[in-house]
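For the record, in the sequence shown the residue sitting at position 359 is 367 according to my numbering, with numbers rising by one throughout. Beneath this line is the structure, given in C-alpha cells, with notes to follow.
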Amino acid sequence: MERKYVLKRPAGERRYRVAYDRELNDEQKDVVLAGGGPILVIAGAGSGKTRTLVYRVARLIESGADPSRIMLLTFTNKAAREMLSRVESLLSVDTRRLLGGTFHGVGNRLLRRFGSRLDLSPNFTILDSEDSREVLEASTSDRKISVLDRRFPKGDVLLDLYSHTINTGRPFAEVLAERAPHFAELETEIAAVFARYRERKRLANACDYDDLLIHWKRLLEETETGPALRALADHILVDEYQDTNRLQGEIVDAMASGSRNVTVVGDDAQSIYSFRGASFENIRSFPQRYPDAATYRLTLNYRSTPEILALANASIAFNVDQFPKELRASRDSGAMPAVVAVPDIPDQARFVAQRLLEWRDEGETLSDLAVLYRAHYQALELQIELTRRGIPYEIRSGTRFFEQRHVKDVLAFLRIVVNPKDEISWKRALKVFPRVGERSAAAVWEAIGNRPDPLASFRERDGYKGIELPRGSDRALAPFLRLLSRLESPSLRATPGEAIRAVVDDVYRDFARAKFPNGDARLDDLEQFAQFAGAFDSLPTFLEEVGLYNELSGEDVVP
C-alpha cells in the first residue's frame with residue numbers, strides 16, 4: 009500500500025505572509041500582535057489607526073481566526089470598504105465573509121437573519137431620513153393635532169428629537185428640555201406622535217436607521233436570540249470609538265460579553281460630536297467596564313510638523329479627565345504656527361484675506377489653502393471680504409451664507425419694504441406663516457401684484473380682505489401686516505440690523521425652531537447677520553451690498 013508523507017511544521021511555529029516588523033512602527037506592532045481579551049487603543053491624530061486596525065485583522069486571520077467570525081465596525085461605508093479592501097490585498101482572502109461595515113449596515117444584515125423573532129419580516133423596508141420625516145408628519149395628522157393654529161414641530165425637528173432620544177437612551181422629557189425647550193408644553197402631543205410613528209412602522213414592516221440599532225439591542229437582550237448573536241463574533245473591532253453613542257456602546261458590550269475579544273480604537277481628545285448623541289463616557293469608562301483591558305497608545309504622528317504638534321500637545325494638556333499622551337512627529341520641522349490677535353470680526357476677515365494673497369504672492373496655489381472656522385455663521389464676514397478682493401473660494405461645509413434658506417427668508421421681508429413689486433420676496437415671506445402655502449401666496453400676489461404699490465394695496469385691504477384664500481389663511485396674514493408696518497417705520501429703515509432682529513423676534517424665531525432641527529444654530533446665523541447689517545445706515549444701501557454677494561441658487565423654498 010502506497011504511503012503519503014506530509015512535512016509538518018514544528019508545534020508553535022507559524023509563518024506569516026505579512027512583514028509586520030517592516031510595515032509597522034513599534035506602537036502599531038504592539039497593538040497588532042497583542043493577544044485576545046479587551047484592548048483599548050488611544051490613537052492620536054494622524055497616528056495610523058486605520059493601518060493598525062487593518063493589520064490587526066490580518067494578523068487575526070493569519071493566526072487562525074475564522075474571517076466569518078470577525079466583526080469590524082466603522083462609521084462610514086467608505087471606511088469599511090477601504091479597510092476590507094486593504095485586508096484583502098494583504099492576504100488575498102475573501103473579506104465578504106467578515107461582518108464588516110457600519111453599525112447600521114451590520115445591524116441590517118443581522119435583522120434580515122434574526123428579525124422574525126421581533127415580528128419583522130426579512131424583506132422589511134429601510135426608511136431613509138426623508139421617508140422617516142414623512143411618516144412622522146403623517147403620524148401627526150393621524151393624531152389630529154392642529155399644526156396650523158399654533159407652531160408644532162415639523163418632521164425634521166420631530167426626527168431629530170426622536171433619534172436623539174433613542175441613541176442616547178435618555179428620557180424624552182429630558183431631551184426635549186435640552187434640545188427644544190420651546191416645545192415643552194407640547195410634550196404629551198409629541199410623545200403621542202412618536203407612539204403612532206412606531207405603530208406605522210410596525211404595520212408597514214419598515215425600520216428607520218435607529219431601528220437597525222435598537223432592534224439589534226433587543227435581540228441581544230432576548231434569552232433565545234442573544235446567545236446566538238454573541239456567538240457570531242469571536243473578535244470585535246471598533247473604529248472611531250470616541251464617536252459611538254450610548255446605544256452603540258451597549259451593543260458592542262453585549263456582543264463582546266461572550267468572547268471578550270474586543271478591540272476599540274479612538275481618541276478622547278477628538279470627541280467632538282456630543283451634539284449628535286456621541287457619548288464620551290463609552291471610551292472614558294472602558295477600563296472600568298473591562299478591568300482586565302490592555303491599553304495602548306499610538307503617538308507617532310505622520311501628518312503634522314513638530315511645531316504644530318507642540319501647540320496641540322500644549323492645548324490638549326489642559327483637558328480634564330483624559331488619557332494622557334504626547335504626540336510625536338515623523339515629519340521634519342516646518343513653519344511656526346502664529347497666533348494673531350485682532351480687535352474685531354471685520355479685521356479678522358481682512359487679515360485672513362490679506363494672508364491668503366501674501367501666500368499666493370509667495371508662490372502658493374490658492375486651491376491648496378484652507379480656512380477653518382468653528383461655526384458656519386463665523387464665515388459671513390470672511391465670505392464678504394474674499395468676494396470684495398476677488399479671491400475665489402469654495403464652501404466645503406454647506407451652503408454659502410447668503411444662499412441659506414433662513415437668510416433668504418429674512419431678507420425677503422426687508423426687500424418687500426424697499427421694493428414692493430418683488431414677487432419672489434412676497435411669496436417667500438408669505439410662506440413663513442402658518443396655513444399659507446404656495447396656493448395662498450399666489451392668491452395674495454395675484455390680488456395685489458398688478459397695482460401701482462402692492463404694499464400699499466395690501467395694507468389698505470387690511471392684508472387679505474377680498475382675496476379668496478384657503479380657510480384660516482386670513483388669520484395668519486394679520487401678523488404679516490403688522491410686521492410690514494413696523495419695518496416701514498423710519499427708525500427701522502435706517503437701521504438694517506434692528507430690522508433683521510424685528511423679523512426674527514416677530515415671526516422667524518418660532519418658525520425656525522419649528523421648521524429646522526438646527527433652528528437655534530440658524531438663529532445664531534441671523535444674529536451675526538444683524539451685527540453685520542449694523543454697519544449700514546439704510547435698508548436700500550444694505551440690500552444693494554448684499555445683492556453683490558447673494559446668488560439666486562440656494563436652498564429651495566418648501567411650502
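Each residue gets a CB set at the ideal place from its N, CA and C atoms; glycine is no exception. This one's a predicted model, so the numbers in the text were calculated from it and none came from an experiment.
Starting from residue i, follow its DSSP beta bridges and name the residues at the other end.
i: M79; result: L107, I244
i: I50; result: G274, R305
i: F67; result: The displayed chain sequence assigns Arg, not Phe, to residue 67. Beta-bridge pairing links R67 to no other residue.
i: N458; result: Answer is none; N458 lacks a bridge partner.
i: A214; result: T133
i: R336; result: L308
If you run the structure through DSSP and keep just helix, strand and coil, what is residue i?
i: V415; result: helix
i: I174; result: helix
i: I508; result: helix
i: N290; result: helix
i: D470; result: At D470, the pLDDT of 47 sits below 50, so the modelled position is not reliable; the number obtained from the coordinates is stated separately. Note: D470 maps to coil in three-state DSSP.
i: N321; result: helix
i: T373; result: coil
i: N427; result: coil
i: I280; result: coil
i: A378; result: coil
i: T133; result: strand
i: N526; result: coil
i: N253; result: strand
i: D514; result: helix
i: Y298; result: coil
i: K209; result: helix
i: G555; result: helix
i: Q330; result: coil
i: R363; result: helix
Report yes if the CB atom of residue i is closer than 8 Å to the CB atom of residue j, and no otherwise.
i: D144; j: Y205; result: Position check: residue 144 holds Leu in this sequence, whereas Asp was assumed. Going by C-beta atoms, L144 is nearer than 8 Å to Y205.
i: P487; j: V515; result: yes
i: S124; j: N213; result: no
i: N175; j: R254; result: yes
i: T313; j: S341; result: yes
i: G115; j: N85; result: no
i: L492; j: V440; result: no
i: F540; j: L388; result: yes
i: R368; j: G45; result: no
i: L169; j: R141; result: no
i: L317; j: L107; result: no
i: A538; j: L531; result: no
i: D219; j: F83; result: no
i: D513; j: Q412; result: no
i: F409; j: V554; result: no
i: L489; j: R459; result: no
i: R423; j: L237; result: no
i: K333; j: G52; result: yes
i: F111; j: L221; result: yes
Output needed for residue i: all residues of its chain with C-beta closer than 8 Å, excluding positions within five of it in sequence on either side, in chain order.
i: G234; result: L227, L228, A262
i: D38; result: Y304
i: G457; result: K429, E431, W434
i: E31; result: Y63
i: G177; result: R254, L255, E258
i: I134; result: N116, A214, C215, D216, Y217, L220
Could you name the residues of the same chain whose beta carbon sits closer than 6 Å to that of residue i, not counting the 5 residues immediately before and after it, in chain order?
i: V26; result: A66, L98
i: A277; result: I324
i: R159; result: D518, A522
i: G20; result: Since pLDDT at G20 reaches only 48, below the 50 mark, its modelled position is unreliable, and no value is offered.
i: L119; result: H223
i: P525; result: D164, V165, D168
i: R59; result: none
Apart from the five residues on each side of it in sequence, which residues of its chain come closer than 7 Å, Cβ to Cβ, to residue i?
i: A502; result: D545, S546
i: S308; result: According to the sequence as given, residue 308 is Leu; it is not Ser. Closer than 7 Å at Cβ, skipping near neighbours: N33, E35, S55, R336, S338.
i: E195; result: A181, L184
i: V379; result: V360, L390
i: R292; result: D276, D329
i: L61; result: M91, L245, D247, V273
Let me confirm a value: residue i is counted as buried when at least 16 other C-beta atoms fall within 10 Å, else exposed. Which label applies?
i: T231; result: exposed
i: N327; result: exposed
i: I403; result: exposed
i: K152; result: exposed
i: T173; result: buried
i: R509; result: buried
i: P299; result: exposed
i: V348; result: exposed
i: T103; result: buried
i: G285; result: buried
Verify the contact flag: residue i, CB atom, against every heavy atom of the ligand HEM, threshold strictly below 7 Å.
i: A262; result: With respect to the ligand HEM, the structure offers nothing, as it holds no ligand at all.
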